[in-house]
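Trainee:
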Amino acid sequence: MPRTAALQSFSGFNSLSASLNLFVRRLATLWRLGRAFVHESHQTHLADDGAAMTRVARFFASHGARAAPLGAGVPALSQLSRVLENASGALARHPALAETAVRVALSELDGLFTPYDATRFRAACKAAFPATLSFELAALSDVPLRSGVAEQTHAARIGETPVRVTLLRADTRAELDDDLNLALAAARFAERRSAKARDIHPVEWVRRARESVDAMIDLRQRAADQSYLRFRLRDDNRLAVPEVLWDYCNDAVLTTRAIETAALSDAETLAACGLDQADVLATLIEAFFEMALGVGLYHAGLDAAGARVSIEPGTRGQIVLEADNPMMIFAAHERDFLVGVSHALMEGDHKAAARAHLEHGRPEANATHHEVRVEATYRREAERFASPHARHGAGVAHLFGAIGKAPAEHMFSAAHGRVASRAVLLSRAAERIERVAQDIAPNVDVWKIARKVIVRLAADQLSFRSLAARLAHEATHWPHTLPRLPSLIAHRAAQAQRTRGSVFR
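The sequence shown stops at residue 505 when you use the UniProt record's numbering, and every number in between is there.
Below you can see the structure in the form of structure tokens.
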């Protein structure tokens, strides 16, 4: 008995020592990260916040790579470091766009972990459901079809139904949460310690990264978005959206009916199924721009580099939008901005583009000066796209890059940051589309297809049906707005008078 008691006491001491060691290591990591934020905020030679945040992102990456294990073999910032290492490249090109930088980094990673084999995957899926709802996965693929941020997708069968099953890895999710909590604590520490650190808003930056991570690994929301997308596109014979099998879905598992596909780049298989690769590519390009600008949806299934085409009899030739691909839904005003400004730049109407910009936010001080600068920025960009001669060498990717440039340079509101993020995301996707088109179908004119879609959508914005729908939407706010109308008019008049006085003084 004394020997047993001694062993238990020794075991308890070891456990306490390990916990204390873990706490000390985490505290040291927190201190280093906090100092990094403060240090970067004092780099006075840096021209903008984004450049400082790029350096912070790279610090995260290098720190995570060389940190000693905190416990159970998991290094500090083991997951977040790889994400931010990728994100820092996007931040260097577009400093204000933290949200897009993190999303792009997450979507372009092959996975943050070593995937489960088929046996462990089957066991994890079984454990995710209560015994009364358990189901048997037959013909489970040995390797994942896709590995994402913290999930992996396998092909299988449930009964006679071919399915794709996505599993959210609880262990990887916990590690990623731990990394983000540590980063957020460090950012808060830095903001409390330094006024200059508060100026680069590290807490907001890390919080946006966390929101992006949470959105990308929320399987229940992804299933709901997939079901909505299937309903929304039920009459579109260009796109196939697999059905969500809700009986086999929960917070950790997403199951959809599988569609047999071939890669867009596989010309031989497409030809064997009676499909012309160039025609399929043209369909994808048209669908991409209509979905992004008309519906307000970015879906990685329409990324030309990894697009899949159905070869099943009922949906043959349709582009397949799988549920395990990243998806982003744009707000209506963001979609309207992208359509309106892209059309204005194509027509050389920089004033219309500037008006759309200022509708999403105005400067609080020196309004006239900033408005002139906004108009000058759009004038410079419009000259590149207004005529075929001026547009020589500029593609659709450059157009969306130009759309994102002005909101990033003249960010008067949070809406400008979000619009710029959307534009840069579309610019990257359009760049890949143009590259694939050049490789497999040089005769397909991406600009011509995009212009046709943009012109039609811009005309729809001014149609009677569109105006009636917008009026009906605005009418719901009239009971709250009309009583305030006199004071709003007086406030606007006073503001205009102050602006006029500052200009002529």
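Glycine included, each C-beta is placed from N, C-alpha and C at the ideal position.
In whole angstroms, what separates the C-alpha of residue 323 from that of residue 226?
Mentor: Answer to the nearest angstrom: the Cα atoms are 6 Å apart.
Trainee: Between residue 430 and the rest of its own chain, which residues show a CB-CB distance below 6 Å, the 5 nearest in sequence each way excluded?
Mentor: Contacts found: 396, 397 and 400.
Trainee: For a quick check, are the C-beta atoms of residue 153 and residue 169 less than 8 Å apart?
Mentor: Not a contact, by the Cβ cut-off of 8 Å.
Trainee: I'd like to know whether the C-beta atoms of residue 182 and residue 209 end up nearer to each other than 8 Å.
Mentor: Cβ atoms of residue 182 and residue 209: not closer than 8 Å.
Trainee: What span of residues does the alpha helix (DSSP H) with residue 190 cover, start to end?
Mentor: That run of the alpha helix (DSSP H) goes 170-193.
Trainee: Taking DSSP's pairing of strands, which residues face residue 164 in a bridge?
Mentor: For residue 164, which the question treats as bridged, DSSP gives the partners 155 and 256.
Trainee: Between the region 351-369 and the region 414-434, do at least 3 Cβ pairs fall closer than 8 Å?
Mentor: A contact exists between the region 351-369 and the region 414-434.
Trainee: Check whether the region 438-454 and the region 419-429 are in contact - that is, three or more C-beta pairs closer than 8 Å.
Mentor: No, because fewer than three Cβ pairs between the region 438-454 and the region 419-429 fall closer than 8 Å, the two stretches do not touch.
Trainee: Quick one: is residue 122 buried, meaning 16 or more other Cβ sit within 10 Å of its Cβ, or exposed?
Mentor: With 16 or more Cβ atoms within 10 Å of its Cβ, residue 122 is classed as buried.
Trainee: Starting from the C-beta of residue 333, find all residues in its chain whose C-beta is less than 8 Å away, skip the five residues before and the five after it, and write them out in chain order.
Mentor: The answer, listed in chain order, is 360 and 415.
Trainee: Quick one, are the C-beta atoms of residue 162 and residue 258 less than 8 Å apart?
Mentor: In contact: residue 162 and residue 258 (Cβ atoms closer than 8 Å).
Trainee: How would you label residue 130, buried or exposed, when you count the other beta carbons within 10 angstroms and need 16 or more for buried?
Mentor: Label assigned to residue 130: exposed.
Trainee: Can you tell me whether residue 405 is buried or exposed? The criterion is at least 16 other CB atoms within 10 Å of its CB, across all chains shown.
Mentor: Label assigned to residue 405: buried.
Trainee: I need the straight-line Cα distance from residue 223 to residue 284, nearest angstrom please.
Mentor: Rounded to whole angstroms, residue 223 to residue 284 spans 23 Å at the Cα level.
Trainee: Smallest Cα separation from residue 329: which of 483, 147 and 419?
Mentor: Per the Cα distances, 419.
Trainee: Residue 421 by DSSP, collapsed to three states: which one?
Mentor: Note: residue 421 maps to helix in three-state DSSP.
Trainee: Distance, Cα to Cα, residue 315 vs residue 487?
Mentor: Taking the straight line joining both Cα atoms gives about 58 Å.
Trainee: Do you know how far the Cα of residue 166 is from the Cα of residue 250?
Mentor: Looking at the two C-alpha atoms, the distance is approximately 11 Å.
Trainee: Kindly indicate the opening and closing residues of the alpha helix (DSSP H) around residue 232.
Mentor: Residue 232 -> alpha helix (DSSP H) spans 219-232.
Trainee: Over what stretch of residues does the alpha helix (DSSP H) that includes residue 360 continue unbroken?
Mentor: Looking at the DSSP string, residue 360 is not in any alpha helix (DSSP H), and its letter there is neither H nor E.
Trainee: State the Cα-Cα distance for the pair residue 177 and residue 252, rounded to the nearest angstrom.
Mentor: Computed Cα separation, rounded: 15 Å.
Trainee: Going by the C-beta, is residue 301 closer than 7 Å to any heavy atom of the ligand SAH?
Mentor: In the structure on display, the ligand SAH does not appear, and there are no ligands present to speak of.
Trainee: Answer yes or no: do residue 353 and residue 382 have a C-beta to C-beta separation smaller than 8 Å?
Mentor: Yes. Within cutoff.
Trainee: Quick check on this structure: which residue in 346, 124 and 275 has the alpha carbon closest to the alpha carbon of residue 403?
Mentor: Minimum Cα distance to residue 403 is reached at 346.
Trainee: On a CA-only basis, which of 491, 246 and 213 is nearest residue 326? Give me that one, please.
Mentor: Ranking the options by Cα distance to residue 326, first place goes to 213.
Trainee: Could you have a look at residue 132 and say whether DSSP puts it in helix, strand or coil?
Mentor: It is helical.
Trainee: Quick check on residue 328: does DSSP put it in helix, strand or coil?
Mentor: It is a strand residue.
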